[in-house]
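2 protein chains.
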Amino acid sequence: MQDNSASILLIDDHPLLRKGVKQLIEMNPNMQVVAEACNAVEGIKQAQKYDPDLILLDLNMPEINGIETLKMLREENVSSRIVVFTVSDNEEDVVAALKAGADGYLLKDMEPEDLLTSLEQAATGTLVISPRLTTLLAQALQSNKRSDKIDMQTLTPREKQIIRLIANGMANKVIARKLNITEGTVKVHVKHLLKKLRLRSRVEVAVWAVQEGLN
Amino acid sequence: MQDNSASILLIDDHPLLRKGVKQLIEMNPNMQVVAEACNAVEGIKQAQKYDPDLILLDLNMPEINGIETLKMLREENVSSRIVVFTVSDNEEDVVAALKAGADGYLLKDMEPEDLLTSLEQAATGTLVISPRLTTLLAQALQSNKRSDKIDMQTLTPREKQIIRLIANGMANKVIARKLNITEGTVKVHVKHLLKKLRLRSRVEVAVWAVQEGLN
DNA sequence: TCTGGTATACCACTAAAGTGGTAGGCGGGC
DNA sequence: GCCCGCCTACCACTTTAGTGGTATACCAGA
Chain B
1 MQDNSASILL IDDHPLLRKG VKQLIEMNPN MQVVAEACNA VEGIKQAQKY DPDLILLDLN
61 MPEINGIETL KMLREENVSS RIVVFTVSDN EEDVVAALKA GADGYLLKDM EPEDLLTSLE
121 QAATGTLVIS PRLTTLLAQA LQSNKRSDKI DMQTLTPREK QIIRLIANGM ANKVIARKLN
181 ITEGTVKVHV KHLLKKLRLR SRVEVAVWAV QEGLN
Chain G
1 MQDNSASILL IDDHPLLRKG VKQLIEMNPN MQVVAEACNA VEGIKQAQKY DPDLILLDLN
61 MPEINGIETL KMLREENVSS RIVVFTVSDN EEDVVAALKA GADGYLLKDM EPEDLLTSLE
121 QAATGTLVIS PRLTTLLAQA LQSNKRSDKI DMQTLTPREK QIIRLIANGM ANKVIARKLN
181 ITEGTVKVHV KHLLKKLRLR SRVEVAVWAV QEGLN
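The listed protein sequences derive, respectively, from chains B and G. The first sequence: position 146 = 146 (the working numbering), numbered continuously. The second sequence: position 4 = 4 (the working numbering), numbered continuously.
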């Protein structure tokens, strides 16, 4: 950039909203909208052309949605900070966005001045999140805590212990050494827990356990 | 309880702090401290005796720490809401507490009136989190997003595809049928991706992939 | 054109995982 | 006291998984 203001790319399919956001952003002399796009393909093209400091990305877009766009941007090795800017306070969206590598998640109903502050922070690399999402984030982390009790109940303590070790990728032999029992005995436990969980291999056990947060 | 105020159990090894919190809580007629404990064992005993609506749990305790205590309480099927109350704004602690099933995480440096409000909410079943932890929670969800990019980059499309199938628990033979290639070829791909990811078995691949959200 | 990476296939081999059955010791409940 | 569930152990056996090497074909970049 010719000056040292932060360059921003807007990706949103609503022209009016882009206009409004652009006006708001350019009230702050430290930030500048260098490009706009109304869909994923266009957005990626612009991102590669301008390599902006910050990309403001809408989630609800026709054809390719925001999360997909985000993943595609990352695939293309776009190094810009990417902040999702959306109306959706849906848990799945927030979690998906963050897991896909979003550097922020801001809601469109924010106060304009708060938005400006957040964008400035985001441009410098700070992870910004609308405060309203705190509780939701915490719930996402808890996620599955109590749902597994049903299956887990039928397992003996030893079996649960072995499931955790499998979910850490350990082989039977390693588990045996760790628990000071023979490999044969480990196999017995594995056999039993496979039956109880109605799974077909230790890989399935590992996947299940990791998803339940057991490791 | 004889009245309909929320019953609270304090578990904290600092008597002075317990005293302070108790005084604060009882300024609100809707809440009442029914018991106190200075360690895990005592805490569990009291929890079972009084079955309080809410347990306020310190993390830094001698012998058995707060997270362990939390797990033990859940093991004992204590149904009280459990809110962690600590000085630690450490990411690991927050995440561990929530994963262990905490119904809240409050920092000791909160304003007393905010604390009271939060406790009241917690007693009614709302998940309460100190606002200061928002960013941290989001980071925890992102977790390791970019650390692996290096690894992922070296993988061929075919290998990525096979990783996803492994992460769904599939055996080589099943993968072969799905991709219309021989089992031997699948093994070749698996061999290569194991090398690239420096993992030792498909179980480790599955665990890694699930944690990265690849399935 | 040559090189290098990718995808495929086959082979032989070793190692690990999973199955089936038997069995002893141990602790809790009827 | 007896039975039952749990943990342990051993056995033989089959199936999967993983290793090492060789080889063909395709495609893209130097």
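Yeah, the Cβ is synthetic: ideal placement off N, Cα and C, and Gly gets one too.
Contact belief for residue i with residue j at Cβ below 8 Å, rounded distance in angstroms
i	j	result
L98/G	Q211/B	At roughly 16 Å, the Cβ-Cβ gap does not stay under 8 Å, so L98/G and Q211/B are not in contact.
D89/B	L136/B	7 Å
A209/B	I166/B	7 Å
V203/B	R18/G	V203/B to R18/G, Cβ: 48 Å. No contact.
L24/B	L107/B	Their Cβ separation, rounded to whole angstroms, is 15 Å, which puts L24/B and L107/B out of contact at 8 Å.
Outcome for residue i when other beta-carbon atoms lying within 10 angstroms are tallied against a minimum of 16
i	result
E217/B	A question about residue 217/B goes unanswered here, because the residues of chain B that appear run from 1 up to 215.
D109/B	exposed
V34/B	buried
V207/B	buried
V87/B	exposed
L16/B	exposed
K149/G	Because the pLDDT of K149/G is 47, which lies under 50, any placement of that residue in the model is unreliable, and the number read from its coordinates should be weighed accordingly. Answer is exposed; the Cβ neighbour count stays below 16.
M27/G	exposed
V205/B	buried
R146/G	Reliability of the predicted coordinates at R146/G is poor, the pLDDT of 46 falling under 50, and the value obtained from them is presented with this limitation in mind. Burial call: exposed.
N144/B	For N144/B, the predicted model reports a pLDDT of 48, less than 50, meaning its position is unreliable and no value from the coordinates is stated.
L214/B	buried
Beta-carbon spacing of residue i, residue j below 9 Å
i	j	result
A40/B	E63/B	yes
L54/B	L127/B	no
L155/B	K187/B	no
G104/G	T69/G	no
D51/G	S5/G	no
R96/B	I129/B	Contrary to the premise, residue 96/B reads as Ala rather than Arg in this sequence. Result no, Cβ atoms of A96/B and I129/B do not sit closer than 9 Å.
M31/G	A102/G	no
R164/B	H189/B	no
A47/G	L10/G	no
R198/G	G169/B	no
T117/B	P131/G	no
A140/B	E91/B	yes
L59/B	V84/B	yes
D13/G	L57/G	no
E183/B	K191/B	no
Problem - Any beta strand (DSSP E) of 3 or more consecutive residues that is wholly inside the region 24–71 of chain B - result: 31–37, 54–57, all fully within the region 24–71 of chain B.
Handout entry: Those runs of the alpha helix (DSSP H) which lie wholly inside the region 104–182 of chain B and span at least 4 residues
Key = If only complete runs of 4 or more residues are kept, the region 104–182 of chain B shows the alpha helix (DSSP H) at 112–123, 134–142, 149–153, 157–166, 172–179, in order along the chain.
Practice task
Could you list the residues in the region 168–183 of chain G with a C-beta less than 9 Å from some C-beta on chain B, going in chain order?
Solution key: Within the region 168–183 of chain G, the residues whose Cβ lies closer than 9 Å to some Cβ of chain B are N168, G169, M170, A171, listed in chain order.
Handout entry: Under 9 Å (Cβ pairs) to chain G, residues found in the region 85–100 of chain B
Key = Cβ proximity to chain G below 9 Å picks out V94, V95, A96, L98, K99, A100 from the region 85–100 of chain B.
Exercise for the section: Determine which residues of the region 67–87 of chain G have a Cβ less than 8 Å from any Cβ of chain B, and write them out in chain order. Expected result: Of all residues in the region 67–87 of chain G, none has a C-beta nearer than 8 Å to a C-beta of chain B.
Exercise for the section: Scan the region 194–212 of chain B for residues whose Cβ lies nearer than 7 Å to a Cβ of chain G and list them as they occur along the chain. Expected result: S201, R202, V203, E204, A206, V207, V210, Q211: these are the residues of the region 194–212 of chain B whose beta carbon lies less than 7 Å from some beta carbon of chain G, given in chain order.
Exercise for the section: Could you please tell me which residues of the region 122–135 of chain B, in chain order, have their CB closer than 9 Å to any CB of chain G? Expected result: Answer set for the region 122–135 of chain B: T126, L127, V128, I129, S130, P131, L133, T134, T135.
Handout entry: Positions along the region 41–53 of chain B whose CB lies within less than 9 Å of some CB in chain G
Key = Correct list: empty, as no residue qualifies.
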